[in-house]
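Residue numbers (the numbering used here): 106 to 617.
Right, one structure below, let's go through it.
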C-alpha cells in the first residue's frame, strides 16, 4: 500500500496545475511528435523534451471498445468488450523539476478463450496451464507511470522513472482460475550535454510477479481435464488435475540504455542501445519447480526530427532481438516425518539444459510528414513497415514452430471546420513470409486444439483499414475554458483464408 501512496503523490504533483492556455488536439499532437525521449528508458530526457512551461499539457478520456471476429489465436480468445480510463500530464514543477504522470485503468471481458490461464501464452515461459474448455475471462488492470527530471545542473540532467501495475485475470467457467499480477520497474538515469551533443545513461530493475492463486469449481462432480504445458505439443492433462494446483512466476530483469542525441539547425536525433537479462523462476505447491526461464534482449532505436517551421519530418526506426531458453527439471517429492509433524519438499533429480528455446526479431520503421500552422498540426501523411519473426523449439525430441510476417502501412489525417473535426485513416497490408510447424508428435490434445489451428493465423495475408473521427468543442467550467472531444473509430480486417476481425470504439475526454 505504501508504494501506491508514493505513486499517487507523484501523480498529484504532476497533474495538480492547470495550464493558462487552451490545449487542443492539434497542439497536443504537435508536442507529442516533437518529442524524442518519451519512448526512451532515460527519464532525464524529459527535461530535454519539455523546454519551457508552455509545454505543460494533459489529456484524460474514457473509452469503450468492442472487438469480434475469428482472426485470432486459440489462447488469445475471440470477442472482447473493454472499458478504459486513461489520463496523463506533463508539468513543470517549481524551478528545478519537470514531471510526467499517467494513470491507466483497463477492464473487460474476453470470450472463447481456452488452454490459457496465464497472461503471456505466446513466445514466453513455456510452463503454463489451462483448460481445454473455452470460457469467458474478466480482466482488470491498474497502471501508474511517473517520471521526474531536473533542470540542467551544469552539464547534467538527472531523472528517475517508476512504473507500477497490478492486475487480475479471472476465468468465469469451471475450472475457475484467478491470476494476480504485480509488475514494477525502477529506472534512475542521467544525461550529459555539451554543445549540440548529449550522452545519456539509464539502468533499471524490473520485477514481474504473476500468481495463479488456485482453481475452483461450482459443479459437484465436474470431471474436467486440466492441462500442464512444458513447451510445444507437450501438455499433460488429467481429470481433476486442477485440484490443489497453483503456480507462481517471479521474474527479475536487469537492463540498461546508452543513448546519444544531437541537435542543430532544426534537426534533432536520438539514438539508443538497450540490453537486458531476465531470470524467471516458476514455483508450484511445496516450491515445486518445473524449470527456469531465461531471456536476453538486445535493441537499437533511432528517432529523428527535421523541423522546417511549416513542416515536420519524423523518421523513426527500431530493431529488437530476444533470445530465451528454459531449463526443465525432473524432481521427486520427499516426505519426512518427525513425530507428529510431516514436511514435504521437492528434490531436483535431473536438469535438461535449454530444452525449450526462443528466438524473436522485431523491426519497425515509420515516417510521417506533418503540416504545421501556428504551432499546431493541420494534417499529416505517413508510411510504416514492420517485420516480426519467431522461432520456438523444443529439444529431444525435437519440435519447432517458425513464422515471420511483414506489415506495410499508410496513414493520413486532417482537420476540418476550423480544426474542430478531425479525420484519421490507416491502411495496412500484412504479408506472411513463412509459417512452418514440425512436431514430433502431432496427435497430442494440445497440438490438435492449439498449434495446428493457429497455423491458419500465421499463414494468413490480410488487408486492414481503420478510420477515426474526432469532434472537439470548448466547454467552460467555473471560469476555466477547456477543450473536450468525442471520438468514434472502427477497423476491419480480412484475410485471404476467410478469417476476419472488426473493432469499434467510442471515447470521450478533455485536453487541459
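Just so you know, even glycine gets a beta-carbon here, dropped at the ideal spot from N, CA and C.
Limits of the beta strand (DSSP E) - the one that residue 569 falls within = It spans 567–582 - the beta strand (DSSP E) in which residue 569 sits, taken as one unbroken run.
Put residue 542 into one of helix, strand or coil per three-state DSSP.
-> Three-state DSSP puts residue 542 in a strand.
With which residues is residue 489 paired in a DSSP beta bridge?
-> 471, 514.
Three-state secondary structure (DSSP) of residue 223 = Here residue 223 sits in coil by DSSP.
Is it true that the CB of residue 473 sits closer than 8 Å to the CB of residue 406?
-> No.
Is the beta carbon of residue 226 sitting closer than 8 Å to the one on residue 233?
-> Cβ atoms of residue 226 and residue 233: closer than 8 Å.
Would residue 326 be called buried (16 or more neighbouring beta carbons within 10 Å of its own) or exposed?
-> By the neighbour-count criterion, in which a residue is buried when 16 or more other Cβ atoms sit within 10 angstroms of its Cβ, residue 326 is exposed.
Helix, strand or coil at residue 564 [DSSP, three-state] | DSSP, read as helix, strand or coil, puts residue 564 in helix.
Once you ignore the five residues that flank residue 134 on each side, which residues in its own chain have a CB closer than 6 Å to its CB?
-> Same-chain partners within the cutoff: 482.
In this structure, what does DSSP give as the bridge partners for residue 365?
-> Per DSSP, 304, 376.
What residue does the beta strand (DSSP E) around residue 525 start on, and which one ends it?
-> Counting along the chain, residue 525 falls outside any beta strand (DSSP E), and DSSP gives it neither H nor E.
Between the segment 241–256 and the segment 191–210, do at least 3 Cβ pairs fall closer than 8 Å?
-> Put simply, the segment 241–256 touches the segment 191–210. At least three CB pairs are less than 8 Å apart.
Secondary structure at residue 144, three-state DSSP: helix, strand or coil?
-> Here residue 144 carries a coil assignment [DSSP, helix/strand/coil].
At which residues does the beta strand (DSSP E) containing residue 422 begin and terminate?
-> For residue 422, the enclosing beta strand (DSSP E) has its first and last residue at 416–443.
Where residue 279 falls: helix, strand or coil (DSSP) | For residue 279, the three-state secondary structure derived from DSSP is coil.
When DSSP labels each residue in this structure, what does residue 153 get in the three-state scheme?
-> The answer is helix: DSSP assigns residue 153 an H, G or I state.
Could you tell me the distance, in whole angstroms, from the CA atom of residue 124 to the CA atom of residue 347?
-> Because residue 124 carries a pLDDT of 38, less than 50, the predicted location of this residue cannot be relied on, and the following value inherits that uncertainty. Distance between the alpha carbons of residue 124 and residue 347: 55 Å.
Whole-angstrom distance between residue 597 and residue 172, CA atom to CA atom = Each residue's alpha carbon lies about 10 Å from the other.
Identity of the residues DSSP links to residue 197 by a beta bridge = For residue 197, the pairing in a beta bridge is given by DSSP as 203.
Under 8 Å, do residue 387 and residue 228 count as touching if we go by C-beta distance?
-> No; because the gap between Cβ atoms is not below 8 Å, this pair is not in contact.
Reducing DSSP to helix, strand and coil, say where residue 558 ends up.
-> Helix.
Would you say residue 273 and residue 245 are within 8 Å of each other, going by their C-beta atoms?
-> Yes. Within cutoff.
What number of angstroms, rounded off, separates the C-alpha of residue 587 from the C-alpha of residue 516?
-> Each residue's Cα considered, the two are about 28 Å apart.
Where does residue 445 land, buried or exposed, given buried means 16+ other C-beta within 10 angstroms?
-> So residue 445 ends up on the exposed side.
Determine the burial state of residue 556: buried for a count of at least 16 other Cβ atoms within 10 Å of its Cβ, exposed for fewer.
-> It is buried - the Cβ of residue 556 has at least 16 other Cβ atoms within 10 Å.
Alpha carbon of residue 341 to alpha carbon of residue 150, nearest angstrom | About 49 Å.
Can you pull the DSSP bridge partners for residue 610?
-> Per DSSP, the beta bridge partners of residue 610 are 170, 594.
Based on Cα-Cα distance, which residue from 423, 580, 566 lies nearest to residue 508?
-> Of the listed residues, the one whose Cα sits closest to residue 508 is 566.
Go to residue 253, then tell me how far its beta strand (DSSP E) extends in each direction, as first and last residue.
-> Run containing residue 253: 240–255, per the beta strand (DSSP E) assignment.
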